[in-house]
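There are 4 protein chains.
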Amino acid sequence: MIPVAVIGASGYTGLELIKILLQHPEFDLVYVAASEGGTSTDALHPALAKLFSVPVEKADAAEVASKAQLAFLALPHKTAMGFASELLAHGVKVVDLSADYRLKQETYEEYYCPHVDAKNLPEAVYGLPEFYREKIKKSRLVANPGCYPTASLLGLLPFIPHIKEGSPIYIDAKSGVSGAGKKLSASTHYVNINENIFAYNPVTHRHAPEIAEKIDDLFVTQVDVNFVPHLIPVTRGMLCSVYMQLENKIDPIAVLNDIYKDEPFVRIRTEPVDIKSVAGTNFCDIYAVRNGDSLFISSAIDNLLRGASSQAVVNANIVCGLDEGLGIPLFAYVP
Amino acid sequence: MIPVAVIGASGYTGLELIKILLQHPEFDLVYVAASEGGTSTDALHPALAKLFSVPVEKADAAEVASKAQLAFLALPHKTAMGFASELLAHGVKVVDLSADYRLKQETYEEYYCPHVDAKNLPEAVYGLPEFYREKIKKSRLVANPGCYPTASLLGLLPFIPHIKEGSPIYIDAKSGVSGAGKKLSASTHYVNINENIFAYNPVTHRHAPEIAEKIDDLFVTQVDVNFVPHLIPVTRGMLCSVYMQLENKIDPIAVLNDIYKDEPFVRIRTEPVDIKSVAGTNFCDIYAVRNGDSLFISSAIDNLLRGASSQAVVNANIVCGLDEGLGIPLFAYVP
Amino acid sequence: MIPVAVIGASGYTGLELIKILLQHPEFDLVYVAASEGGTSTDALHPALAKLFSVPVEKADAAEVASKAQLAFLALPHKTAMGFASELLAHGVKVVDLSADYRLKQETYEEYYCPHVDAKNLPEAVYGLPEFYREKIKKSRLVANPGCYPTASLLGLLPFIPHIKEGSPIYIDAKSGVSGAGKKLSASTHYVNINENIFAYNPVTHRHAPEIAEKIDDLFVTQVDVNFVPHLIPVTRGMLCSVYMQLENKIDPIAVLNDIYKDEPFVRIRTEPVDIKSVAGTNFCDIYAVRNGDSLFISSAIDNLLRGASSQAVVNANIVCGLDEGLGIPLFAYVP
Amino acid sequence: MIPVAVIGASGYTGLELIKILLQHPEFDLVYVAASEGGTSTDALHPALAKLFSVPVEKADAAEVASKAQLAFLALPHKTAMGFASELLAHGVKVVDLSADYRLKQETYEEYYCPHVDAKNLPEAVYGLPEFYREKIKKSRLVANPGCYPTASLLGLLPFIPHIKEGSPIYIDAKSGVSGAGKKLSASTHYVNINENIFAYNPVTHRHAPEIAEKIDDLFVTQVDVNFVPHLIPVTRGMLCSVYMQLENKIDPIAVLNDIYKDEPFVRIRTEPVDIKSVAGTNFCDIYAVRNGDSLFISSAIDNLLRGASSQAVVNANIVCGLDEGLGIPLFAYVP
């Protein structure tokens, strides 16, 4: 068993990490920390009663290093990079669920804040296994993708070679409210979400540059990405609708099947996808249809799993040389 | 008081018509019919108990004509046109909520079925008051727009003069489940909708040609309309996200304010719109923002009111020479 | 027109009061205040855009008195009684939606806090029109009932004469989340409510003594009231299930019909009631069935309307000598 | 590995059985049947794509017997008993999820229909492990309890020794809609459930005699059970509120802790329970509080798991001499 740590256990992604790791055949969850410490796992998450009751520590890098070989960071951005650099210095491998190592320094600093770990940033690998698997294998610092970029990129990347030159991409994304975290705010108040839907941060959300940068990184193409997220009245799940123009009259299902034929966690559907079939799993379900020169792609993931915690464990599996499907949730919360 | 009839009282739009007409200061609801007859209004709709209990007849055109000057048809398409032609022959004005008179004959027959009232079709006026008000005034046959076209067209029409030539329009629409009607089906089963979202009939929904045809009718421009509707887990309300490319760097809010400045039922918002603020009303709330050459428009309506019944009563007000706001619901179901 | 004021406009009940009063044929809403002031009605409630945009003042009793004859107080308890006593001293009639005048002083002080307006408390009338109508007519200070007591009392009071002596009453109540107000808290966070249900404050909620005291006041009987409220994943509506033991084998529907036969806002149902049929209205729908010596009563109201704002306007109608149904919402948010 | 069969794979409980059995370390799911046959598991349940694609047969007892040692029957009542008797004759052990073997013959025939397997009925054991574990061990025919009786009995049985003689029990139960199954009906239509709550079959539901009979069976006491189920707008989960009168001033939490201290699937809570903490698991969470002589008990389960499929697998584990927790889901669908 490989000893691992979860740093940032109080939020939803921390809870999901714990749930997956407790059922994982090769990872042994030996250390759990949160920003405050002084509590226990089942006090933080009452659903863990009778299942997992251990102290939640105030995170300390030396202590992590003394116990664990790999740490999952489910911390807010900015906090994460400070802690990651310490862990790396102590020889602990890191899978970071924050935004801190996902972007080039200049992009990061434009959209977030000054970067405090420029030293390690260049060696971070973007943890989208379908496109960065070989690099992840050799990495000790994985930047786990954002939920919106995961669903968007898995849907649209196969079609970048077919995009009409100079044409924009439009991504209309819909996310369950758990993506907004546990924090209290008007936009997570039940009354404001229930029986409602609305866009937020249209064309200015920070996941747009993440998507654009990865397209550029993989295909050396600069595409105009227009990204509009919406909150929908569901707790978990994310659906991304992508609209783009094509150069040729390709068969989109054939393109998808070709690229993803050996991928264990992508399912190509011949009917529009839904979020219930992926909620609770690491799957990304994808459907696409062409209308003349236009393409519509619909991709669905569980925002907390494929969009965060289960993808993080897949990355950890790869980093540690394990089968990447070990301990990864597959069975959807259906019905 | 002007005597009016509701034909097709058993569905949701029939119920909404009844609720509006019972509170209307100038219309007197004197005749209520449904395909079957043999029941009463409060048996069909228990929420009407103690409020409106009259017999629901099996619809008969001669009887309608003997009692009412205007009839609202909330019937399925195909049934509507058969009945409308009889009513018109009897001198009854018609506001038809079905699709039967919304399209040119060739378009209709391509997407629906053979048209059985080609005689009256040419004189039907499309009941989107903001763009067809003068024609509605002189009409005796109003084709009430579909819910998706209402929300989409009100959002995008102001920008058609600014569209980049040859570029497509993408409409990502989200509808509450009441739009699917009372009929039992797998896609209205609670378990399939709750905690879920999915597209249906992507790029093939019959409201796409309705949108394209009205753009052409008003601006003599053929635009490639790509329309993808989704079902969301709410009962009522509809949000349409429109994506398009612009010729010039216009200020979209200024464009909207300019066109709709005198319109009583359109509200231009400077923040993304939501459906709760319009549910229960005839308002269409619109927001738009530009990102370089790309435009994102977000419009929200109540699918059963502005998308059907309250817009129908506005049209009836106009047809009858009344103030178009008479008896029209304005106060949203908030919270 | 009778000039009236709303004090406490920022919450949900304040909004509902405004919506009703704007459509009321005899009340003229001339003054709107909130604890802070310095804003406007449509800034507080964006759904009021284009409908009602007036300044929201910091409440001042003298100014209210100079403009209005009657004030609705939608303030937190404790704040309400301080302001009410000032208004009464200025000759303004008061309908208070808080708990401050609902209970006898000793009961109030046991469950809330010291009472600061003992002078006016004895003349306050409990605003449940079906049982206190004659007293309300002569009152200048109405204590509008709580939402739970309204639904519970309307259901159970008709059966108090038939209760088995010494037997307890059990009330299992289910409330929509709007009852918890706009305030942010873990128990109004979307994720904690959605796909969930739970009891809160079981057998210790402050509405239990309100129910018990009114039973005693009306029937001179002390009944052991066990009250357990639950939050359910809906925004508005409340269902109260009452269980009790009977002395005799009465026909419960006949008992209800007999007592409520002339009441405009109570509907006796012969099938179990639901909240959708009353949401958006002032109706209380009631059903009851006997099982041997046991009785099950199910009553449904809109918690913000019959449980607060529309009942308050009914009380104001009565206080002002108007028809009590004037301007009261009747048509449910169905579908 | 022990070969097992699922008969009745098309419904929700069939799907849950499949999901559990595919992850079970000792059971090998070798045969899947449904009433119609001629399909495959992933055609019936698209969420099983890439996970489990085998033919779904038309059920045949001889074929089951040739392949499996134990069969789970997720069939409608009446169909189940016909098939169970055949399986038993072929030497196959049966865990029956229907009502067919839960009741004494006379009770069954009063509430359901004539019993066609009176021969095997007497040897059926009621599959509530906490109270029938020893009998289940020796059984070859387990009658899996209904969801409502499971939650109700686990909550109230510990208090039967303390009930005030002759006093009734009131059970106010709230169930997610998945309990009503996949069948289309007005009461599973999204629009009728969303933003709604209502009782159904009050005091006449067939689960009341199941509860009463088991109380009598275990404590030789006839208690007047008044059972009122409600549908709530959630997909899965069930909360049962029980109200009863006590003989003595017991400490209810102490009573519960005492009885369930060694039970792996019951958690005693010191705060009111919620359904999110048990959804997705086999846990029953229980809370209770006393108010004078009255007791309020609140118990929560996942209606499809502890109320059906996971409890069935626990029973199969016991019947087969395995650890009863093998392969049983423990981690809740939280958030």
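Residue numbers (the working numbering), protein chains in the order written: chain A, 1 to 335; chain B, 1001 to 1335; chain C, 2001 to 2335; chain D, 3001 to 3335. Every residue gets a Cβ at the ideal spot worked out from N, C-alpha and C, and that includes glycine. Source: prediction; values computed, not measured.
Query: Terminal residues of the continuous alpha helix (DSSP H) containing residue 3117(D)?; Result: Premise fails: residue 3117(D) is in no alpha helix (DSSP H) and is neither H nor E.
Query: Output the distance between the C-alpha atoms of residue 36(A) and residue 9(A), rounded to the nearest integer angstrom.; Result: 10 Å
Query: Which class does residue 2163(C) belong to by DSSP, given the choice of helix, strand or coil?; Result: strand
Query: So, do the segment 1209-1221 of chain B and the segment 3248-3259 of chain D have three or more beta carbon pairs nearer to each other than 8 Å?; Result: no
Query: Going by beta carbon distance, what residues of the same chain come within less than 6 Å of residue 2140(C), once the five residues before and after it are set aside?; Result: 2093
Query: Per DSSP, what kind of secondary structure is residue 2093(C) in: helix, strand or coil?; Result: strand
Query: Should residue 69(A) go down as buried or exposed, given a rule of 16 or more other Cβ atoms within 10 Å for buried?; Result: buried
Query: Are residue 2099(C) and residue 2115(C) touching if we call contact CB-CB under 8 Å?; Result: no
Query: For a quick check, are the C-beta atoms of residue 286(A) and residue 1275(B) less than 8 Å apart?; Result: no
Query: Residue 88(A) and residue 312(A) look like a contact to me (Cβ under 8 Å); what is the Cβ gap, rounded to whole Å?; Result: With a Cβ gap of about 17 Å, residue 88(A) and residue 312(A) do not count as contacting.
Query: DSSP three-state call for residue 245(A): helix, strand or coil?; Result: strand
Query: With distance defined between alpha-carbon atoms, name the residue in 51(A), 63(A), 25(A) and 322(A) nearest to residue 6(A).; Result: 63(A)
Query: With DSSP as the reference, identify every bridge partner of residue 1195(B), one or two as the case may be.; Result: The partner list for residue 1195(B) (beta bridge, DSSP) is empty, contrary to what the question assumes.
Query: How close, in whole Å, do the beta carbons of residue 1004(B) and residue 1028(B) come, if the pair is a contact with beta carbons under 8 Å?; Result: 7 Å
Query: For the alpha helix (DSSP H) that contains residue 1133(B), what are its first and last residues?; Result: 1129-1137
Query: Residues of the segment 2238-2271 of chain C with a CB closer than 8 Å to any CB of chain G: list them in chain order, please.; Result: The chain labelled as chain G is not found among the protein chains of the depicted structure, namely A, B, C and D.
Query: Closest Cβ-Cβ distance between residue 331(A) and chain B: below 8 Å?; Result: no
Query: Closest Cβ-Cβ distance between residue 2235(C) and chain A: below 8 Å?; Result: yes
Query: Taking C-alpha atoms, which residue in 1015(B), 1264(B), 1011(B) and 1001(B) lies nearest to residue 2332(C)?; Result: 1015(B)
Query: Report back the beta-carbon spacing between residue 3169(D) and residue 3223(D) to the nearest angstrom; my notes put them in contact at under 8 Å.; Result: 6 Å
Query: Which partner residues does residue 29(A) have in the DSSP bridge list?; Result: 4(A)
Query: Would you tell me roughly how many angstroms separate the C-alpha atoms of residue 282(A) and residue 33(A), rounded to the nearest one?; Result: 24 Å
Query: When we look at the beta-carbon of residue 1174(B) and count the other beta-carbons within 10 Å, is it buried (16 or more) or exposed?; Result: buried
Query: Identify whether residue 1278(B) lies in helix, strand or coil by the three-state DSSP scheme.; Result: coil
Query: Residues in its own chain within less than 6 Å of residue 1071(B) by CB, not counting five upstream and five downstream?; Result: 1005, 1007, 1064, 1087, 1092 and 1094
Query: Residues of chain D with CB closer than 9 Å to the CB of residue 339(A), please, in chain order.; Result: Within the shown structure, residues of chain A are numbered from 1 to 335, placing residue 339(A) beyond reach of any answer.
Query: Name the residues in the segment 163-177 of chain A whose C-beta lies less than 7 Å from a C-beta of chain C; which are they?; Result: 177
Query: Can you find a C-beta in chain C that's less than 8 Å from the C-beta of residue 3210(D)?; Result: no
Query: Measuring alpha carbon to alpha carbon, tell me which residue in 2320(C), 2051(C), 2075(C) and 2289(C) is nearest residue 3199(D).; Result: 2289(C)
Query: Less than 8 Å between CB atoms is the rule here; does residue 2280(C) satisfy it with respect to chain B?; Result: yes
Query: In angstroms, rounded to a whole number, what distance separates the CA positions of residue 2265(C) and residue 3137(D)?; Result: 58 Å
Query: Which ranges would you report for the beta strand (DSSP E) in the segment 32-114 of chain A if only whole runs of at least 3 residues count?; Result: 55-58, 70-73 and 93-96
Query: List the whole-angstrom C-beta distance separating residue 1002(B) from residue 1155(B), where the pair is believed to meet the contact cut-off of C-beta under 8 Å.; Result: The pair is not a contact, with the Cβ atoms about 33 Å apart (cut-off 8 Å).
Query: Are residue 1012(B) and residue 2335(C) close, meaning C-beta to C-beta below 8 Å?; Result: yes
Query: Keeping to the same chain, check which residues put their C-beta closer than 6 Å to that of residue 1267(B); ignore five residues upstream and five downstream.; Result: 1283 and 1285
Query: Is residue 238(A) near residue 180(A), with beta carbons less than 8 Å apart?; Result: no
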